[in-house]
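*Asks:* Sequential numbering of the sequence shown, starting at 9, is according to my numbering.
Every residue, glycine too, gets a C-beta built ideally from N, C-alpha and C.
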Amino acid sequence: MTYIISDRPPQVFKWAGASTNDILHQYVSTIKALRTIDPTGVFLEAVGEPIRDYLRGRKDTIKCIVTMLTDGSGNTNGTGNAGDNLLEELNRDAENQENVDYDDHTNIDEKQAWHNAESWESDPVEATH
Numbered sequence: 009m010t011y012i013i014s015d016r017p018p019q020v021f022k023w024a025g026a027s028t029n030d031i032l033h034q035y036v037s038t039i040k041a042l043r044t045i046d047p048t049g050v051f052l053e054a055v056g057e058p059i060r061d062y063l064r065g066r067k068d069t070i071k072c073i074v075t076m077l078t079d080g081s082g083n084t085n086g087t088g089n090a091g092d093n094l095l096e097e098l099n100r101d102a103e104n105q106e107n108v109d110y111d112d113h114t115n116i117d118e119k120q121a122w123h124n125a126e127s128w129e130s131d132p133v134e135a136t137h
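(1) Buried or exposed: Thr78, going by 16 or more other Cβ atoms within 10 Å of its Cβ?
(2) If you draw a straight line from the alpha carbon of Glu129 to that of Val36, how long is it in whole angstroms?
(3) Can you give me the Cβ contacts of Thr28 inside the same chain, cut-off strictly under 6 Å, excluding the 5 residues immediately before and after it?
(4) Under a three-way DSSP split, which group does Asp3 fall into?
(5) Identify the continuous alpha helix (DSSP H) that holds Arg43 and give its terminal residues.
(6) In three-state DSSP terms, what is Glu53?
(7) Under three-state DSSP, which class holds His123?
(8) Report buried or exposed for His33, applying the criterion of at least 16 other Cβ atoms within 10 angstroms of its Cβ.
(9) Below 8 Å CB to CB, which residues in the same chain sit around Ile31 once its five sequence neighbours on both sides are set aside?
(10) Can you tell me whether Ile45 is buried or exposed, with buried defined as 16 or more other CB within 10 angstroms of its CB?
(11) With a 10 Å radius around its C-beta and 16 neighbouring C-beta atoms as the bar for buried, classify Val55 as buried or exposed.
(12) How many Å lie between Asp117 and Ala26 at the Cα?
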């Protein structure tokens with residue numbers, strides 16, 4: 009299923025009439041839907057990468073994102089400020105990154121190495137002469 013969905017977005021967005029603004033709105037909606045379906049984010053990573061790659065290739069993506077965040081004029085569906093929705097998703101990503109437990113991703117040797125590095129103190133100046 010991931011293959012089918014992740015292969016489709018670039019094909020769909022290549023329509024001549026698909027504006028970057030519309031694609032960004034759909035991308036934010038896709039993020040929200042996939043987070044509901046799969047809170048772990050695994051599916052979102054697999055499906056979102058082709059969309060992100062496609063958006064990186066469009067010349068006006070950054071301009072559209074900045075416009076959405078600063079003036080909110082990109083709302084096409086009447087359900088709130090598009091910039092607020094995008095900002096909400098960006099903040100949620102930042103919060104999720106901060107909430108990742110360091111212990112979940114490291115082995116004992118790495119933890120000990122970090123502990124040693126953090127507690128390291130240089131020799132006193134007198135000891136080096």
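*Replies:* Taking the coordinates as given:
(1) exposed
(2) 47 Å
(3) Arg66, Asp68, Thr69 and Cys72
(4) What is shown of the chain runs 9 to 137, which leaves residue 3 out entirely.
(5) It spans Thr28 to Ile45 - the alpha helix (DSSP H) in which Arg43 sits, taken as one unbroken run.
(6) helix
(7) helix
(8) Answer is buried; the Cβ neighbour count reaches 16.
(9) Phe21, Ile59, Tyr62, Leu63 and Arg66
(10) exposed
(11) buried
(12) Straight across, the Cα-Cα distance linking Asp117 with Ala26 is about 50 Å.
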